[in-house]
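Input: a single structure, listed below in structure tokens.
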Amino acid sequence: MTAARRVPGITGLAAALAILLLPAAAAAAQEDFALSEPGAHMWRWATVDQRTFARAAPNPGARVVARVSTLTPEKTPEALPLLARREVDGRLWVRVRLPVLPNGTTGWVLRDRLGGYQTVRTHLIVDRRRLTARLERRGRTVFRARIGIGQSRWPTPRGSFMIRNRLSGFNDPVYGVLAFGTTARSATLTDWPGGGFIGVHGTSRPDILPGRVSHGCIRMSNADIRRLDRRMPVGTPVSVR
Amino acid sequence: MPDTLSLDVIDADGAIRETAAAAAGDTRARFLAKAGLLGGGLVGSSALLGLNPATAGAQGKSDIAILNFALTLEYLEAAFYTEAESMGALDGELALFAEVVGAHERAHVKALKAALGSNAVARPRFNFRGTTESASGFAATAQVLEDTGVAAYAGQAPRVKSTAILKAALAIHTVEARHASWIRDINDAPPAPAVFDSPLSMRAVLAAVADTRFIVPARRRRRRRPRRDTPPAPRFTG
Numbered sequence: 000m001t002a003a004r005r006v007p008g009i010t011g012l013a014a015a016l017a018i019l020l021l022p023a024a025a026a027a028a029q030e031d032f033a034l035s036e037p038g039a040h041m042w043r044w045a046t047v048d049q050r051t052f053a054r055a056a057p058n059p060g061a062r063v064v065a066r067v068s069t070l071t072p073e074k075t076p077e078a079l080p081l082l083a084r085r086e087v088d089g090r091l092w093v094r095v096r097l098p099v100l101p102n103g104t105t106g107w108v109l110r111d112r113l114g115g116y117q118t119v120r121t122h123l124i125v126d127r128r129r130l131t132a133r134l135e136r137r138g139r140t141v142f143r144a145r146i147g148i149g150q151s152r153w154p155t156p157r158g159s160f161m162i163r164n165r166l167s168g169f170n171d172p173v174y175g176v177l178a179f180g181t182t183a184r185s186a187t188l189t190d191w192p193g194g195g196f197i198g199v200h201g202t203s204r205p206d207i208l209p210g211r212v213s214h215g216c217i218r219m220s221n222a223d224i225r226r227l228d229r230r231m232p233v234g235t236p237v238s239v240r
Numbered sequence: 000m001p002d003t004l005s006l007d008v009i010d011a012d013g014a015i016r017e018t019a020a021a022a023a024g025d026t027r028a029r030f031l032a033k034a035g036l037l038g039g040g041l042v043g044s045s046a047l048l049g050l051n052p053a054t055a056g057a058q059g060k061s062d063i064a065i066l067n068f069a070l071t072l073e074y075l076e077a078a079f080y081t082e083a084e085s086m087g088a089l090d091g092e093l094a095l096f097a098e099v100v101g102a103h104e105r106a107h108v109k110a111l112k113a114a115l116g117s118n119a120v121a122r123p124r125f126n127f128r129g130t131t132e133s134a135s136g137f138a139a140t141a142q143v144l145e146d147t148g149v150a151a152y153a154g155q156a157p158r159v160k161s162t163a164i165l166k167a168a169l170a171i172h173t174v175e176a177r178h179a180s181w182i183r184d185i186n187d188a189p190p191a192p193a194v195f196d197s198p199l200s201m202r203a204v205l206a207a208v209a210d211t212r213f214i215v216p217a218r219r220r221r222r223r224r225p226r227r228d229t230p231p232a233p234r235f236t237g
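What follows is the structure in structure tokens.
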């Protein structure tokens, strides 16, 4: 790494970095590096610093899969689960799971469009057959609750998603006192205000739980959602089985 | 995010602002109140620095500001190496360097936090913008960070009033110098490039760190509108 001999002095820290980072531009494409390791109970996520396009391949000319905004429909910072990283022609690309239909769609975005990497060790697992939600921390169950899920005509989608925001301060008969937004979307209620995103929230009608009672959201009692709130950070992956 | 960042913009959780303000002689009541609490948290790893409640408890606010300035830099370095270690881009001596130096920087953070107790500034959030994700980016950045760290400690040492804190700062300073020489050697750069090293002022270091945009800007709070009885419910599918 002889380029390091060109260090121009430390007073221009950013300028020095810019010069020293030049050799990366000559690097060839590398293998993908996994940014999340479910087997090790570790997941990474990041906010979106600049709106951008997610592409089908780590290439500026590749097909656009989706437009990625900096804010969610709730005006909170957009947060995306990170899957893998690849360096191509000196530029870093990150494969992300996108909050678009069909659920599970992934795309590549430039690393420099994202914020700093955040790491979580929690994992929310929703069992649609048993009507339970379970939160694991480092693989150990730390929370369990009976839940309501979508009715058969508005099913709660199966798949891998992420908690991307937390909303509170309201008291609503349907949503209860606290709600988490996820990256999952209803495949049937596509014209729902805000885009038909699936939430995990409380309810003032715990008497109808557990059951297939919702429009797709995951409902639990207000007491349970408050308990979950103490344990589950934004960025937590959600597996709906 | 604006193209040019000022300290005001990048300051996350008040860490840099508080440090810079204290260095400039700010006498904010909150800072003084915190300064008055010094001594309560001097336990554990602060002993590694030769600090103890009896000696460090007598320090003034300028020494606290210097320790917080050092802590901010150590937060930055520790987070950089910790992320780099987990990013899978390093092997060989670079990986060993990240592992060893990362452990040192985390120990520095622990010791400084213990010495500062409740006066310690909060850890900012970081975005290393891909420099932890390639060997070349890591090596270049590590060299700049370590060189800066050495100059920063050299710049503050003459300002320290307490002998105990000066000893502690020197104990870290020499280790940072070893780090700088090690990464320079790895990078095939001169390990000892000058007969005399130039110190950097706190202001210069903070401005240089701000230019890297490694410290994530604190999200600006919106002006609070007249509050309704309750905020609107979400619009999830319900």
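If you read the sequences in order, they're chains A and U. For the first sequence, numbering that gives the first Met the number 0 assigns the number 240 to the last residue and increments by one with no breaks. For the second sequence, numbering that gives the first Met the number 0 assigns the number 237 to the last residue and increments by one with no breaks. Where a beta carbon is used, it is the ideal one built from N, C-alpha and C, also for glycine. This structure is a prediction, so every number in the text was calculated from the model and none was measured.
- Cα atoms of R122/U and V212/A: separation of roughly 44 Å, rounded to the nearest angstrom.
- At a cut-off of 9 Å, the C-beta of F127/U has a neighbouring C-beta in chain A.
- One thing to note: I171/U has its Cβ no nearer than 9 Å to the Cβ of A138/U.
- With a threshold of 9 Å between beta carbons, I197/A makes contact with chain U.
- Listed in chain order, the positions of the region 129-146 of chain U with a beta carbon within less than 9 Å of a beta carbon of chain A are G129, T130, T131, E132, S133, A134, S135, G136, A138, A139, T140, Q142, V143, L144, D146.
- By the neighbour-count criterion, in which 16 or more other beta carbons inside 10 Å mark a residue as buried, E30/A falls on the exposed side.
- In this structure, V215/U lies away from A179/U, with their beta-carbon atoms at least 9 Å apart.
- In the three-state DSSP reduction, V215/U falls in the coil class, being neither helix nor strand.
- Residue state for S68/A is assigned as coil, using DSSP reduced to three classes.
- Secondary structure at D146/U: helix, using DSSP grouped into helix, strand and coil.
- Around the beta carbon of L95/U, fewer than 16 other beta carbons sit within 10 angstroms, so the residue counts as exposed.
- Residue I197/A holds the alpha-carbon nearest to the alpha-carbon of E73/A among G215/A, I197/A, P37/A.
- A178/A: member of the beta strand (DSSP E) spanning 175-184, first to last residue.
- By the neighbour-count criterion, in which 16 or more other beta carbons inside 10 Å mark a residue as buried, A132/A falls on the buried side.
- Put simply, the backbone Cα of G193/A is about 54 Å away from that of A168/U.
- Its chain contains E104, H107, V108, L111 as the residues whose beta carbon lies nearer than 7 Å to that of E73/U, once the 5 sequence neighbours on both sides are disregarded; these appear in chain order.
- CA-CA distance, V143/U to A176/U, rounds to 12 Å.
- When the beta-carbon positions are compared, R158/U and S85/U stay at least 9 Å from each other.
- In this chain, F52/A is not harboured by any alpha helix (DSSP H); it is covered by the beta strand (DSSP E) spanning 51-54.
- Scanning its chain for C-beta atoms nearer than 6 Å, with the 5 sequence neighbours on each side dropped, one finds around T140/A the residues R133, in chain order.
- In the three-state reduction of the DSSP assignment, I148/A falls in the strand class, which pools E and B.
- At the C-beta level, V67/A and A55/A stay beyond 9 Å of one another.
- For E98/U, no chain A residue has a Cβ inside 7 Å of its Cβ, as the nearest lies near 18 Å away.
- Chain A places a beta carbon closer than 9 Å to that of P231/U, counting this residue as a contact.
- Taking C-alpha positions only, A119/U is separated from R110/A by approximately 32 Å.
- Per the DSSP secondary-structure output, S213/A pairs in a beta bridge with G149/A.
- Spanning the alpha carbons of R184/A and L115/U requires a straight line of approximately 47 Å.
- Around H214/A, the beta-carbon contacts reaching into chain U at under 7 Å are T236, G237.
- For D171/A, the enclosing beta strand (DSSP E) has its first and last residue at 158-171.
- Residue contact with chain A for G154/U: absent (no Cβ-Cβ distance below 9 Å to any residue of chain A).
- Here the region 106-126 of chain A lies against the region 213-233 of chain A, with 3 or more beta-carbon pairs under 8 Å apart.
- Within chain A, the residues whose beta carbon sits less than 7 Å from that of V215/U are G114, G115, listed in sequence order.
- Neighbourhood of E77/A in chain U, by CB distance below 7 Å: empty, with the nearest CB roughly 13 Å away.
- Here T181/A is not near V95/A, since their CB atoms are 9 Å or more apart.
- Using a Cβ-Cβ cut-off of 9 Å, G116/U does not count as an interface residue toward chain A, since no Cβ of chain A sits closer than that to its own.
- If the five residues before and after D184/U are omitted, its C-beta is found closer than 7 Å to the C-beta atoms of P190, all from its own chain and listed in chain order.
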